[in-house]
Amino acid sequence: VRQINEVYFAMLWILLQVGVALAALRFALALLTRRRHRQTCATMVVLGSGGHTAEMLRLFKNFDASVYRPRVYVAAATDALSGVKATAFEKAWAGIPGKGSDPSGPAYQQAVIPRSREVGQSWTSSALSTAHAMLCALALVFRARPDLVLVNGPGTCIPVCLSALLARMLGVATAKIVYVESIARVYRLSLSGKILYHARLASIFFVQWPELQAKYPRSVLAGRLM
Numbered sequence: 005v006r007q008i009n010e011v012y013f014a015m016l017w018i019l020l021q022v023g024v025a026l027a028a029l030r031f032a033l034a035l036l037t038r039r040r041h042r043q044t045c046a047t048m049v050v051l052g053s054g055g056h057t058a059e060m061l062r063l064f065k066n067f068d069a070s071v072y073r074p075r076v077y078v079a080a081a082t083d084a085l086s087g088v089k090a091t092a093f094e095k096a097w098a099g100i101p102g103k104g105s106d107p108s109g110p111a112y113q114q115a116v117i118p119r120s121r122e123v124g125q126s127w128t129s130s131a132l133s134t135a136h137a138m139l140c141a142l143a144l145v146f147r148a149r150p151d152l153v154l155v156n157g158p159g160t161c162i163p164v165c166l167s168a169l170l171a172r173m174l175g176v177a178t179a180k181i182v183y184v185e186s187i188a189r190v191y192r193l194s195l196s197g198k199i200l201y202h203a204r205l206a207s208i209f210f211v212q213w214p215e216l217q218a219k220y221p222r223s224v225l226a227g228r229l230m
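Residue 5 is where the sequence shown starts when you use the working numbering, and the numbers rise one by one after that.
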């Protein structure tokens, strides 16, 4: 019994030390990365093929460019078209009266991360590619330190959202995750939507159809946004 108690207390002591170390790390990161109070919102927008980019940009055009900045558009490394669309969107946005960006610094940038899984890729190799994508997403999120992560379902959003959650836990970024399910999803969530919904990763989870909201009661019915 005495030996069991000694082992028990030793484990508690180790756990306590780990907890203190993690708390100290979180505090140090928060001090090193804290920002002065400002009226802008650093925004990370995740784009994707299959209509995700078009829907996202139609939604994002209603935002105030002078507030939601700096902006980082994230796409998969194999998705060249989304980057082209984001550039065209920013050029058109800059020419709209009242949508002009604050000239104090770069308004936006683009970034790519590897896909977690390509079509037809084996599950074994997918584990390695997913780990690679996660590391790249972590580096990107820790560098950009977004206040808002806006996503609508491409597979690329999963490592970005997980990285944003970790950054928030460590105090590196506030990183509120806003998920807007595609308007094409009337009765069932996309795979990314299911992951974010059931894992409760999103700060707020919007759907655009009452049929979908009835099935997923923690979601918020936004109506047709696009």
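Using N, Cα and C, we set each Cβ at its ideal position, and we do this for glycine too. Please read these numbers as outputs of a predicted model, since none were measured by experiment.
Expected contact under 8 Å - CB spacing of residue i and residue j to nearest Å
i    : j    : result
A218 : P150 : The Cβ separation is near 32 Å, so there is no contact.
F210 : V190 : Not confirmed; about 14 Å, so no contact.
Boundaries (first-last residue) of the beta strand (DSSP E) holding residue i
i    : result
K259 : Residue 259 lies beyond the stretch modelled for the chain, which goes from 5 to 230, so this question has no answer here.
Q217 : Segment P214 to K219 is the alpha helix (DSSP H) holding Q217; no beta strand (DSSP E) there.
A46  : Where A46 is concerned, there is no enclosing beta strand (DSSP E), given that its DSSP letter is neither H nor E.
I181 : K180 to V184
Y77  : R75 to A80
A90  : From DSSP, A90 is part of no beta strand (DSSP E) but of the alpha helix (DSSP H) over A84 to A98.
A168 : Per DSSP, A168 belongs to no beta strand (DSSP E); it is in the alpha helix (DSSP H), C161 to M173.
Straight-line gap, residue i to residue j (C-alpha atoms, nearest Å)
i    : j    : result
L85  : H202 : 31 Å
L132 : R119 : 11 Å
R40  : A168 : Unreliable placement is indicated for R40, whose pLDDT of 48 sits below 50; the coordinate value is still reported in the next sentence. Spanning the two alpha carbons is a distance of roughly 20 Å.
G175 : R204 : 19 Å
A111 : T82  : 24 Å
L63  : E94  : 13 Å
Y220 : Q43  : 34 Å
Same chain, Cβ closer than 6 Å to residue i, neighbours up to 5 away in sequence not counted
i    : result
R228 : Q212
G206 : Correcting the residue identity first, residue 206 is Ala in this sequence and not Gly. Counting only Cβ-Cβ distances below 6 Å, and skipping sequence neighbours, we find I181, Y183 and L200.
L152 : C45, T47 and K180
Where the alpha helix (DSSP H) through residue i begins and ends
i    : result
L154 : No alpha helix (DSSP H) contains L154, which is instead part of the beta strand (DSSP E) from L152 to V155.
I187 : Note, I187: premise wrong, no alpha helix (DSSP H); not H, not E.
Cβ neighbours of residue i in the same chain (closer than 7 Å, five flanking residues each side left out)
i    : result
C165 : V153, V155, I181, L200 and L205
H148 : Checking the displayed sequence, the identity of residue 148 turns out to be Ala instead of His. Once the five neighbours on either side are set aside, the close Cβ partners of A148 are A46, M48 and V76.
key: Cβ contact check for the region 154–161 and the region 180–200: 3 or more pairs under 8 Å   = At 8 Å Cβ cutoff, the stretches touch.
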